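Chemist:
There are 2 protein chains.
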Amino acid sequence: MKKLINSPENVVREALEGIALAHADRVRVSLDPFYIVRKDAPVKGKVGLVSGGGSGHEPMHGGFVGLGMLDAACPGHVFTSPTPDQMFEASKAANGGAGILHIVKNYTGDVMNFDLAADMLREEKIDVASVLTDDDVAVQDSLWTAGRRGVGLTVLMEKLLGAAAEKGADLANLKTLGDSIRATGRSMGLALTSCTVPHAGKPSFELGENEMELGIGIHGEPGRKRVPIAPADEIAEMLMEPVLSDLPFKHGDNIILFVNGMGGTPLIELYIIYRKAAEIAGKHGLKIVRNLVGSYITSLEMAGTSITALRADDNLISLWDAPVNTPALRWGV
Amino acid sequence: MKKLINSPENVVREALEGIALAHADRVRVSLDPFYIVRKDAPVKGKVGLVSGGGSGHEPMHGGFVGLGMLDAACPGHVFTSPTPDQMFEASKAANGGAGILHIVKNYTGDVMNFDLAADMLREEKIDVASVLTDDDVAVQDSLWTAGRRGVGLTVLMEKLLGAAAEKGADLANLKTLGDSIRATGRSMGLALTSCTVPHAGKPSFELGENEMELGIGIHGEPGRKRVPIAPADEIAEMLMEPVLSDLPFKHGDNIILFVNGMGGTPLIELYIIYRKAAEIAGKHGLKIVRNLVGSYITSLEMAGTSITALRADDNLISLWDAPVNTPALRWGV
Chain A
5 MKKLINSPEN VVREALEGIA LAHADRVRVS LDPFYIVRKD APVKGKVGLV
55 SGGGSGHEPM HGGFVGLGML DAACPGHVFT SPTPDQMFEA SKAANGGAGI
105 LHIVKNYTGD VMNFDLAADM LREEKIDVAS VLTDDDVAVQ DSLWTAGRRG
155 VGLTVLMEKL LGAAAEKGAD LANLKTLGDS IRATGRSMGL ALTSCTVPHA
205 GKPSFELGEN EMELGIGIHG EPGRKRVPIA PADEIAEMLM EPVLSDLPFK
255 HGDNIILFVN GMGGTPLIEL YIIYRKAAEI AGKHGLKIVR NLVGSYITSL
305 EMAGTSITAL RADDNLISLW DAPVNTPALR WGV
Chain B
5 MKKLINSPEN VVREALEGIA LAHADRVRVS LDPFYIVRKD APVKGKVGLV
55 SGGGSGHEPM HGGFVGLGML DAACPGHVFT SPTPDQMFEA SKAANGGAGI
105 LHIVKNYTGD VMNFDLAADM LREEKIDVAS VLTDDDVAVQ DSLWTAGRRG
155 VGLTVLMEKL LGAAAEKGAD LANLKTLGDS IRATGRSMGL ALTSCTVPHA
205 GKPSFELGEN EMELGIGIHG EPGRKRVPIA PADEIAEMLM EPVLSDLPFK
255 HGDNIILFVN GMGGTPLIEL YIIYRKAAEI AGKHGLKIVR NLVGSYITSL
305 EMAGTSITAL RADDNLISLW DAPVNTPALR WGV
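Those protein sequence lines, which keep their order, are chains A and B. According to our numbering, the first sequence holds residues 5 to 337 in order. According to our numbering, the second sequence holds residues 5 to 337 in order.
(1) Does the separation of the CB atoms of aspartate 45 (chain B) and aspartate 89 (chain B) fall below 8 Å?
(2) Threonine 269 (chain B) versus chain D: which residues are under 9 Å apart at the beta carbon?
(3) Does the CB of threonine 309 (chain A) have a neighbour CB from chain B at under 8 Å?
(4) Express the C-alpha separation of glycine 267 (chain B) and glycine 308 (chain B) in angstroms, rounding to a whole number.
(5) Should isoleucine 276 (chain B) be flagged as near chain A, meaning a C-beta pair shorter than 8 Å?
(6) Is it buried or exposed for alanine 204 (chain A), if we count other Cβ within 10 angstroms and need 16 for buried?
(7) I need the DSSP call for aspartate 89 (chain B), collapsed to helix, strand or coil.
(8) From serine 208 (chain A) to valine 41 (chain B), what distance separates their C-alpha atoms?
(9) Less than 7 Å between the CB of aspartate 237 (chain A) and some heavy atom of the ligand HEM, yes or no?
(10) Does the pairing of the region 165-176 of chain A with the region 240-256 of chain A give three or more beta-carbon distances under 8 Å?
(11) Using the beta-carbon count (16 or more within 10 Å), is serine 11 (chain B) buried or exposed?
(12) Out of A:Ile277, A:Leu333 and A:Asn329, which has the shortest C-alpha to C-alpha gap to aspartate 29 (chain A)?
(13) If we require 4 or more residues per run, which alpha helix (DSSP H) segments fall completely within the region 245-333 of chain B?
(14) Comparing C-alpha positions only, which one of A:Lys6, A:Lys7 and A:Ala19 sits nearest to isoleucine 272 (chain B)?
(15) Mark leucine 181 (chain B) as exposed unless 16 or more other C-beta atoms lie within 10 angstroms of its C-beta, in which case mark it buried.
(16) Against chain B, does alanine 282 (chain A) count as a neighbour if the rule is that its beta carbon must be under 8 Å from one of theirs?
(17) Taking only the alpha-carbon atoms, compute the straight-line gap between proline 270 (chain A) and glutamate 127 (chain A) and give it to the nearest angstrom.
(18) Work out the CA separation of arginine 230 (chain A) and isoleucine 107 (chain A) for me, nearest whole Å.
(19) Using only the alpha-carbon positions, how far apart do glycine 256 (chain B) and arginine 152 (chain B) sit?
(20) Could I get the ranges of all uninterrupted beta strand (DSSP E) runs contained in the region 49-108 of chain B, with 3 residues as the minimum, in chain order?
(21) Identify the continuous beta strand (DSSP E) that holds alanine 133 (chain B) and give its terminal residues.
(22) May I ask which residues mark the beginning and end of the alpha helix (DSSP H) holding alanine 28 (chain B)?
(23) Taking the C-alpha atoms as reference points, what is the distance between isoleucine 284 (chain A) and alanine 316 (chain A)?
(24) Please go through the same chain and pick out, in chain order, the residues whose beta-carbon is closer than 6 Å to the beta-carbon of alanine 77 (chain B), but skip the five residues on each side of it.
(25) Between which two residues does the beta strand (DSSP E) holding glutamate 128 (chain B) run?
(26) For the putative contact between isoleucine 260 (chain A) and leucine 194 (chain A), defined by C-beta atoms under 8 Å, what is the C-beta separation to the nearest angstrom?
(27) Is leucine 399 (chain B) close to chain A? Criterion is C-beta to C-beta, closer than 8 Å.
(28) Does DSSP put proline 12 (chain B) in a helix, in a strand, or in coil?
(29) Quick test of the definition: if touching needs 3 or more C-beta pairs under 8 Å, does the region 235-243 of chain B touch the region 92-99 of chain B?
(30) If you draw a straight line from the C-alpha of leucine 25 (chain A) to the C-alpha of isoleucine 220 (chain B), how long is it?
(31) Check whether the Cβ atoms of leucine 218 (chain A) and leucine 53 (chain A) sit closer than 8 Å, and answer yes or no.
(32) Under 7 Å between beta-carbons, which chain B residues line up against tryptophan 335 (chain A)? List them in chain order, please.
(33) Do leucine 136 (chain A) and arginine 186 (chain A) have their C-beta atoms closer together than 8 Å?
(34) Quick check: the Cα distance between threonine 158 (chain A) and valine 297 (chain B), rounded to an integer number of angstroms?
(35) List, in chain order, every chain B residue whose beta-carbon is nearer than 9 Å to that of aspartate 237 (chain A).
(36) I want to see whether chain B comes within less than 8 Å of glycine 219 (chain A), judged by CB atoms only; does it?
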């Protein structure tokens with residue numbers, strides 16, 4: 005295991021300390037329990053957006069805390085759900101009096117713990133709603149889920165709902181908007197290599213020199229099948245076709261297209277994937293109105309990519325373009 | 005070799021096509037010869053900033069083309085200098101009538117070819133100056149250089165000179181500013197793994213399971229020494245101490261601190277390095293006034309990191325904060 009770490013047990017705490025030092029202009033960090041909150045939280049009269057999940061997917065979610073995106077994020081240990089206590093404290097720190105919206109990726113532990121945290125918040129008379137992401141078309145149920153897994157759409161969800169909350173949308177409207185984003189976004193991923201969880205010390209799974217895992221989960225959970233390694237254009241097709249046919253996206257749709265790197269894949273390769281994905285979108289009569297290319301929801305040092313498509317009307321485009329000021333996404337500010 | 009590519013010979017062209025599709029709002033791409041130019045180039049009356057070098061270091065340089073940074077970038081094949089012809093055409097496309105500044109990393113091929121391109125431009129009565137980066141303290145001469153290599157400081161140089169050019173600085177002033185940035189910035193890097201050049205098909209060098217290469221070059225050139233793998237805090241010290249003592253940085257200096265990933269290292273690890281690097285800077289009495297954490301000058305999928313420190317006065321801070329709108333760095337716009 006070759007990593008820039010000190011010890012497996014301190015990875016999350018030390019990374020949080022680094023984030024606190026690097027981004028004190030935008031966020032504050034709590035180390036007991038672990039959470040990251042925007043510097044000016046709670047923002048009075050604004051719905052507080054809170055997400056979280058296991059660490060190892062950076063910059064998600066901590067890198068998305070700040071103006072125009074999340075109010076708070078709670079990181080669990082690597083690939084481990086945060087606790088209800090973390091979610092509760094993060095939500096209280098983000099509570100500006102207009103309620104809390106939890107953005108929850110569909111993994112059993114995350115869903116259960118956010119439910120418990122919501123109960124705790126309601127006992128304190130804080131309004132809570134939640135939006136789920138379950139955009140991964142690769143598999144129906146999986147090792148860690150009932151239903152589909154929440155993956156790349158989460159990044160877009162956090163940006164779009166964050167912009168809406170900043171503009172003053174109330175809790176009910178944010179919930180409705182989030183549900184509609186959930187309903188119209190789809191993703192699928194692929195791994196060329198495994199990743200190594202620090203405290204495990206060895207790769208989560210094994211892939212042969214000429215194999216890749218199609219439909220990989222962001223924790224290395226099995227996907228659809230293991231297939232021989234293929235050229236980038238074929239890989240883009242293997243991901244785009246299931247994504248586009250699942251919704252289905254229709255001729256004339258406007259979409260936001262997100263080509264994501266899994267953590268160990270360099271940017272030059274993501275642009276080669278984007279090139280073909282955009283061509284495929286065009287062949288389907290889809291117009292890419294906005295895009296994102298980079299490693300935003302990762303699986304430690306896994307090599308691979310995922311593609312997310314989201315149907316986007318003028319409202320979503322305007323929310324996408326709205327100012328954002330987080331460690332990982334910033335524009336207009 | 006596991007990469008998201010179609011064929012080694014098409015990597016650069018196809019990545020450029022992807023960049024053209026993804027970032028048509030900010031840049032235009034020429035495929036014959038290869039260069040990337042900001043969409044509104046040439047900007048009349050503004051000095052044109054042009055850089056370039058071998059591909060494989062993305063997002064550098066193409067990802068830094070746009071308002072407030074480079075006017076044009078010319079990518080060579082992977083780890084191969086671009087040709088004088090490319091540099092000449094890119095410079096002409098960026099020429100708004102106030103002269104051209106070449107930002108050149110100190111590698112023998114780059115230096116020679118930018119010199120030839122400058123001669124060609126002068127024959128067309130275009131004023132040209134150049135600024136060199138040679139910030140890598142690891143080794144004096146190396147496989148591909150006379151003198152020190154140009155590495156991470158190049159990213160900061162392009163941002164700062166880009167902002168100054170946008171504010172109307174003339175060619176002579178930009179050259180002076182660039183030389184002073186060159187004189188006050190230092191870097192050093194480290195590799196945990198090798199990288200594989202696509203057309204070579206095998207790793208550029210071999211590192212044992214428990215080895216790392218201290219002072220690595222961005223093409224995998226040998227560094228200072230091969231040492232046993234160490235905890236992140238020790239790695240941060242192995243990089244920071246030579247960087248800080250070389251200039252030397254002095255108690256009371258303000259610095260911009262840049263912790264860079266080599267391409268295959270996930271962000272969570274870079275924050276662990278940043279944490280210790282910031283602590284070491286503090287112990288030396290340095291104040292970090294701005295920072296950058298992420299993979300901005302990479303070596304394909306190499307795992308590793310580099311650290312760059314630059315002494316920063318109020319003028320540089322203000323240039324750092326100025327608006328930038330490129331594929332890889334964006335704020336204020």
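Beta carbons are placed, not taken as given, at the ideal position from N, Cα and C, and that holds for glycine. Quick caveat, the model's predicted, so the values are computed rather than measured.
Modeler: With the given structure in hand:
(1) Looking at the sequence itself, residue 45 (chain B) is alanine, so the reference to aspartate does not match. Not in contact: alanine 45 (chain B) and aspartate 89 (chain B) (Cβ atoms no closer than 8 Å).
(2) Absent from the structure: chain D. Protein chains present are A and B.
(3) yes
(4) 8 Å
(5) yes
(6) exposed
(7) helix
(8) 43 Å
(9) In the structure shown, the ligand HEM is absent, as is every other ligand, since no ligand is present at all.
(10) no
(11) exposed
(12) A:Asn329
(13) 271-287 and 318-325
(14) A:Ala19
(15) buried
(16) yes
(17) 47 Å
(18) 31 Å
(19) 27 Å
(20) 52-59 and 76-82
(21) 132-137
(22) It is not in any alpha helix (DSSP H) - alanine 28 (chain B) carries neither H nor E in the DSSP assignment.
(23) 18 Å
(24) Ile40, Ser55, Gly56, His65, Gly66 and Val69
(25) Run containing glutamate 128 (chain B): none; DSSP gives neither H nor E here.
(26) With a Cβ gap of about 20 Å, isoleucine 260 (chain A) and leucine 194 (chain A) do not count as contacting.
(27) Coverage of chain B is limited to positions 5 through 337, which leaves residue 399 (chain B) absent and any answer about it impossible.
(28) helix
(29) no
(30) 26 Å
(31) no
(32) Arg334, Trp335 and Val337
(33) yes
(34) 23 Å
(35) Asn10 and Glu18
(36) no
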